[in-house]
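Going by the numbering used here, the letters in the sequence shown line up with residues 975 to 1457, in that order.
The beta-carbon is built from N, C-alpha and C at its ideal position, and this holds for glycine as well.
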Amino acid sequence: MNGDPVDADKPREACGVAGVWGPAGHHAAVVREMLVALQHRGQESAGIAVGTGDALVARHGAGTVAEALPDLEGLPLGPVAVGHVRYATHGTRDALAGAQPVVLDRPPLALAHNGTLVDPHTAPGADAVEPGEWFTDSELLTRLLLAARAEKGLDTAAALHAVLPGLKGAYALVVSDGHRLYGVRDPHGFRPLAVGRRGDTWLLASETAAITAVGGDVVRELEPGEVLSIGPQGTASSRLEVPDAKTAACLFEYVYFARADSHLSGRSVYQARFRAGQALADHAPVDGSPRPVVVATPETARVAADGYAERAGLTVVQGLLRPGQGGRSFLARDQEARHHAVRRKLSPVPAAVAGRRVVLVDDSLVRGTTMRTVARMLRDAGALEVHLRVASPPYRWPCFYGIDTGRPEELLAARLSMTELAGQLDCDSVAFLSLDRLLEAAGGDRSGYCTACLTGRYPTATPAGAFPAPACATALASQGTAE
Ligand code: SF4
């Protein structure tokens, strides 16, 4: 989960979005349930806007859904509702200042955005928006849509088609004008968005798991570049006109961001992670005696650890406990504070690891802060050896599409060789899954994924002034083992 210190080491997802359209009812309650199911995608703020026809009424708050929206007081009944959970990657870390949905009136418009725009200030029409009127890229986007509606007399669908092709970057949007509900995926399809039904009610959500969580049936996922409009006359699908946009779905959704019970492009996230773990066992076994046990770093690496153990014929033991939640990462910004935060949140189980060689399986390695502490904790608990196996390639380049990895110089694999990594992490050996094997585990068309943070090959122009490739990137293979 994004906000926990144990996960402060991970790339952090920007947001989760949700929407409901149907016969007037208490759709805010359904959206709230969906946001709870998307809580792993953002814990810094949450909000819901309800459309009543010609008006939108919204509530926002800081923290988790339970903290931000403990009740739905003040939110009316209406045909449409839009919701958002946020982790701040763009603009401000003042959770409430950047809370979404962004809601503007005259004419009414609510927008929930997952992703990040690249150089938003260069978007057509952005120079006409007063600098004081927007702080985040999502606010600017809402202003641009509103201007298209108000000044050019366009309806919401036409405004989406007029504005969005001029933008660069990642956006999965749920939008409402108070009457209708719109779902949009950018032409590269960086971030996911699915549509479902529950009776005569339509549901939109970042992940399929949020649709099934409220008893809905998943209809399908939106295509890259698709605009889906839902209203009293039914649904209508259209495409943004962006020639030559190649599909570039985020590969890290399979590795870490999405829930294991979600499907992406029709494929199970659970199965992708299990296969990645199996491939890791094939590629980077830990031989010798006594035979090792497998320990997963809680919680997202559990499936990959199961795959590793199954393929290697090893036993998974619960060598690490994560007794509670809470303790936000933004309270532990510096490294020393993070070490202590991890020790408070994770507990080694000596009875499971003492006198044993341990294969520690994680899904990804970004800054390495948590891993260093975890390896030390396992040794202190009596582990004879700790061999780290990571079910994805080294994370070496920054993401410009809605994922926060901290400062570029903090990306551990970007500045250390494999041997240095093993020493730095206090592990006996370190190995990563190759990109080839990860793509195979994810399945589908290999050319349809964004792999920029792993390869440095960006599917769009990068922001002006983006830093150069990591210094050691040319000297390192994208996978390897160091003993
Ligand atoms: S750069 Fe990495 S985290 Fe960002 S969208 Fe691409 S694959 Fe996902």
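Checklist entry - Less than 8 Å separating the beta-carbons of Ala1179 and Ala1084? => result Cβ distance not < 8 Å, so Ala1179 and Ala1084 don't count as in contact.
Checklist entry - Who are His1087's beta bridge partners in DSSP? => result Answer is Leu1147.
Next on the checklist: For the pair the region 1340-1358 and the region 1396-1404, tell me if three or more CB-CB distances fall below 8 Å.
Outcome noted: Contact holds: three or more Cβ-Cβ distances are below 8 Å.
Checklist entry - Which residues bound the alpha helix (DSSP H) around Asp1280? => result From DSSP, the alpha helix (DSSP H) with Asp1280 extends over Arg1276 to Ala1286.
Checklist entry - Fully enclosed by the region 998-1030, which beta strand (DSSP E) runs are 3 residues long or longer? => result For the region 998-1030, whole beta strand (DSSP E) runs of length 3 or above, ordered along the chain, are 1019-1025.
Item to check | Ala1168 versus Gly1287, Ala992 and Gly1037, residue with shortest Cα-Cα distance | outcome: Taking only the C-alpha atoms, the option nearest Ala1168 is Ala992.
Next on the checklist: Can you list, in chain order, the residues of its chain with a C-beta nearer than 6 Å to that of Val1004? Leave out the 5 residues immediately preceding and following it.
Outcome noted: Cβ within range, chain order: Val994 and Val1188.
Item to check | Bridge partner(s) assigned by DSSP for Arg1172 | outcome: According to DSSP, Arg1172 bridges with Thr1175.
Checklist entry - By the 10 Å Cβ neighbour count, where 16 or more other Cβ atoms means buried, how is Pro1297 classified, buried or exposed? => result Flag for Pro1297 reads exposed.
Item to check | Euclidean distance between Cα positions of Glu1104 and Ala1136 | outcome: Their Cα atoms are separated by approximately 20 Å.
Checklist entry - Exposed or buried, what is Asp1045 when buried is set at 16 or more other beta-carbons lying within 10 Å of its beta-carbon? => result Counting Cβ neighbours within 10 Å, Asp1045 comes out exposed, since fewer than 16 surround it.
Checklist entry - Would the beta-carbon of Ala1184 fall within 8 Å of that of Ala1020? => result In this structure, Ala1020 does not lie closer than 8 Å to Ala1184 by Cβ.
Next on the checklist: Between Val1327, Cys1224 and Ala1325, which has its C-alpha nearest Tyr1423's C-alpha?
Outcome noted: Nearest neighbour of Tyr1423 by Cα position, chosen from Val1327, Cys1224 and Ala1325, turns out to be Cys1224.
Item to check | Environment of Arg1330 [buried if 16+ CB atoms lie within 10 Å] | outcome: So Arg1330 counts as buried.
Item to check | Local conformation of Cys1424 per DSSP, three classes | outcome: Here Cys1424 sits in strand by DSSP.
Checklist entry - Which first and last residues belong to the alpha helix (DSSP H) in which Arg1410 is found? => result The sequence given here places Asp at residue 1410; Arg does not occur at that position. Run containing Asp1410: Leu1409 to Ala1416, per the alpha helix (DSSP H) assignment.
Checklist entry - If you scan the region 1108-1148 from start to end, which runs of the alpha helix (DSSP H) of 4 or more residues do you find wholly inside it? => result For the region 1108-1148, whole alpha helix (DSSP H) runs of length 4 or above, ordered along the chain, are 1111-1126 and 1130-1137.
Checklist entry - If we ignore side chains and look at the alpha-carbon of each, how far apart do Ala1443 and Arg1346 end up? => result In this prediction, Ala1443 scores a pLDDT of 45, lower than 50, which makes its location untrustworthy; the coordinate-derived value is nonetheless stated afterwards. Here the alpha carbons of Arg1346 and Ala1443 stand approximately 25 Å from one another.
Checklist entry - Among residues of its own chain, excluding the 5 on either side of Val1360, which ones have a beta-carbon nearer than 7 Å to its beta-carbon? => result Answer for Val1360: Val1332, Leu1334, Ala1349, Leu1352, Arg1353, Cys1401 and Asp1402, listed in chain order.
Item to check | Contact shell at 6 Å, judged by CB to any heavy atom of the ligand SF4, ordered along the chain | outcome: Proximity annotation: the ligand SF4 has residues Pro985, Phe1164, Cys1224, Leu1225, Phe1226, Cys1373, Tyr1375, Ile1377, Cys1424, Thr1425, Ala1426 and Cys1427 in chain order, each selected because its CB is closer than 6 Å to a heavy atom of the ligand.
Checklist entry - DSSP state of Thr1434, grouped into three classes? => result Three-state DSSP puts Thr1434 in coil, outside helix and strand.
Checklist entry - So what's Phe1164 in DSSP terms, helix, strand or just coil? => result In this structure, Phe1164 counts as coil in the three-state DSSP scheme.
Next on the checklist: Using only the alpha-carbon positions, how far apart do Leu1196 and Leu1202 sit?
Outcome noted: Straight-line Cα distance between these residues: approximately 8 Å.
Item to check | Rounded C-alpha distance that separates Pro1266 from Pro1367 | outcome: Our two residues, Pro1266 and Pro1367, have alpha carbons roughly 23 Å apart in a direct line.
Checklist entry - Does the Cβ of Glu1107 have 16 or more other Cβ atoms within 10 Å, making it buried, or fewer, making it exposed? => result Looking at its Cβ environment, which holds fewer than 16 other Cβ atoms inside 10 Å, Glu1107 is exposed.
Next on the checklist: For Ala1133 and Trp1371, what's the separation of their Cα atoms in angstroms?
Outcome noted: About 34 Å.
Item to check | Reduced DSSP category for Asp1336 - H, G, I as helix; E, B as strand; rest coil | outcome: DSSP, reduced to helix, strand and coil, places Asp1336 within a strand of the structure shown.
Next on the checklist: According to DSSP, simplified to helix, strand and coil, what is Arg1194?
Outcome noted: Arg1194 falls in the strand class under three-state DSSP.
Next on the checklist: Does any residue of chain B have a CB that is nearer than 8 Å to the CB of Glu1394?
Outcome noted: The structure shown contains no chain B, having only a single protein chain.
Checklist entry - Looking at C-alpha atoms only, which residue of Ala1102, Asp1191, Val1269 and Pro1161 is the closest neighbour of Ser1172? => result As written in the sequence, residue 1172 is Arg, which differs from the Ser given in the question. For Arg1172, the nearest C-alpha among the options comes from Asp1191.
Checklist entry - Is the region 1249-1260 close to the region 1203-1221, with three or more CB pairs under 8 Å? => result No, they do not touch.
Checklist entry - Can you tell me the Cα-Cα spacing of Ala1388 and Tyr1369, whole angstroms? => result Each residue's CA atom was taken as its position, placing Ala1388 and Tyr1369 some 7 Å apart.
Next on the checklist: For a quick check, are the C-beta atoms of Val1054 and Gly1025 less than 8 Å apart?
Outcome noted: Cβ distance < 8 Å, so Val1054 and Gly1025 count as in contact.
Item to check | Burial state of Ala1102 (16 or more Cβ within 10 Å) | outcome: With fewer than 16 other Cβ atoms within 10 Å, it is exposed.
Item to check | Backbone secondary structure at Leu1202 - three-state DSSP | outcome: In the structure shown, Leu1202 falls within a strand segment according to DSSP collapsed to helix, strand and coil.
Checklist entry - Can you tell me the Cα-Cα spacing of Gly1048 and Gly1417, whole angstroms? => result When the Cα atoms are used, Gly1048 and Gly1417 turn out to be separated by approximately 45 Å.
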